[in-house]
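A.B. asks: Residue numbers (the working numbering): 7 to 318. Built from N, CA and C at the ideal position, the CB exists for glycine as well. Please read these numbers as outputs of a predicted model, since none were measured by experiment.
As structure tokens, this is what we get:
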């Protein structure tokens, strides 16, 4: 009797086993979040990029009172929120992102949170796409190496809408403060405007984040003026570049690139000292470095690796 049962069980296990060479691990389920207000073309690019990487059905855009129509008819979930309390913008934003992410991790394997001008890209020399990357990287929290893509106004034309930015833009500055813990598998809360998290991590040189705030002079001027108005009217972005007008930031960008040679070295991830990018205090691990203005003034101009051209 037991011998017959054993043979039947063995036969069933053989029949149910995967074919030789087949994987038994399903690709991770990935959700991607952002919070947006009047972000125009950049939000369209965000949805297209992460929709191709993670599936449009797995994106959530929280609309914080847009009036420009940018959240209309997007190919993903849009959740309209009533706005953040005056004086509580950053705390409210982090509470919303962290709380939603904690719930989603009951369903998804990975949750990613970025601003609409932040594009996470695995190194195409090592990974096929974001799903391939996450299938091979089981870390609890992951941060990319961040590049502030810049409009080299002396040699580059205004952006052409609908075409990839990288390629139209060939230059960037390494941005240590933007090497944020944007990718997580655990419900640890994001802190410090998402530059920190209550979990340990190190940035990964196999993952890039392309930050597009300075990628186009005209777009920078328009978005900076809009954010500066919010800073004045409801106190948002206190102490940040939101306190600068569009003309101020445009002038800084022009100065930062006008005298820079177009013949510069390519960014090399292997040259980055990873432990120096993260500090820890009271259990919060966070990216460290100069803010946008200091970074723009002081970081050298570098070439964006050509293998990233055309991806975003």
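I believe residue 42 touches residue 161 by the beta-carbon criterion, under 8 Å. Please report the beta-carbon distance rounded to the nearest angstrom.
C.D. replies: Contact flag wrong, Cβ pair sits at about 31 Å.
A.B. asks: The beta strand (DSSP E) that contains residue 216, what's its start and end?
C.D. replies: Per DSSP, residue 216 belongs to the beta strand (DSSP E) from 209-220.
A.B. asks: Determine the direct distance from the alpha carbon of residue 32 to that of residue 12, and round the result to whole angstroms.
C.D. replies: For residue 12, the pLDDT reaches just 38, beneath the cut-off of 50, and the residue's location in the model is therefore unreliable, although a value from the coordinates is still provided. Between residue 12 and residue 32, the C-alpha separation is close to 29 Å.
A.B. asks: Using the three-state DSSP reduction, which class does residue 106 fall into: helix, strand or coil?
C.D. replies: Residue 106: helix per DSSP, three-state reduction.
A.B. asks: Looking only at C-alpha atoms, which of 63, 120, 110 sits nearest to residue 214?
C.D. replies: Considering only alpha carbons, the answer is 120.
A.B. asks: Whole angstroms is fine: what's the gap from residue 84's alpha carbon to residue 308's?
C.D. replies: Each residue's alpha carbon lies about 36 Å from the other.
A.B. asks: Helix, strand or coil: how does DSSP classify residue 53 here?
C.D. replies: Residue 53: helix per DSSP, three-state reduction.
A.B. asks: Just to confirm, are residue 336 and residue 179 a CB contact at a threshold of 8 Å?
C.D. replies: Any property of residue 336 remains undetermined from this structure, which presents the chain solely from 7 to 318.
A.B. asks: Determine, using beta carbons only, whether residue 209 and residue 272 come nearer to each other than 8 Å.
C.D. replies: It is not a contact, given that the beta carbons lie outside the stated cut-off.
A.B. asks: When the distance is taken between beta carbons, is residue 176 closer than 8 Å to residue 117?
C.D. replies: Not a contact, by the Cβ cut-off of 8 Å.
A.B. asks: Quick check on the burial criterion: 16 or more other C-beta atoms within 10 angstroms. Buried or exposed for residue 263?
C.D. replies: By the 10 Å Cβ count, residue 263 comes out buried.
A.B. asks: Buried or exposed: which applies to residue 202, given that a residue is buried once 16 or more other Cβ atoms fall within 10 Å of its Cβ?
C.D. replies: Buried, since its Cβ has 16 or more Cβ neighbours within 10 Å.
A.B. asks: What does residue 151 pair with, by DSSP beta-bridge criteria?
C.D. replies: BP columns for residue 151 point to 214.
A.B. asks: Who are residue 37's beta bridge partners in DSSP?
C.D. replies: Looking at the DSSP assignment, residue 37 forms a beta bridge with 117.
A.B. asks: If you run the structure through DSSP and keep just helix, strand and coil, what is residue 296?
C.D. replies: DSSP places residue 296 in coil when its eight states are reduced to three.
A.B. asks: Who are residue 90's beta bridge partners in DSSP?
C.D. replies: Note: residue 90 sits in no beta bridge, so no partner.
A.B. asks: Have a look at residue 28 and residue 88 and give me their C-alpha separation to the nearest angstrom.
C.D. replies: The predicted model places residue 28 with a pLDDT of 39, which falls under 50 and marks its position as unreliable, so this point remains unresolved.
A.B. asks: Rounded to the nearest angstrom, how far is the Cβ of residue 91 from that of residue 198, given a contact under 8 Å?
C.D. replies: The pair is not a contact, with the Cβ atoms about 19 Å apart (cut-off 8 Å).
A.B. asks: In three-state terms, what does DSSP make of residue 69?
C.D. replies: The answer is strand: DSSP assigns residue 69 an E or B state.
A.B. asks: Helix, strand or coil for residue 195 per DSSP?
C.D. replies: In the structure shown, residue 195 sits in coil (DSSP, three-state: anything other than H, G, I, E or B).
A.B. asks: Pull up the DSSP beta-bridge partners for residue 166, would you.
C.D. replies: Partner(s): none; residue 166 has no beta bridge.
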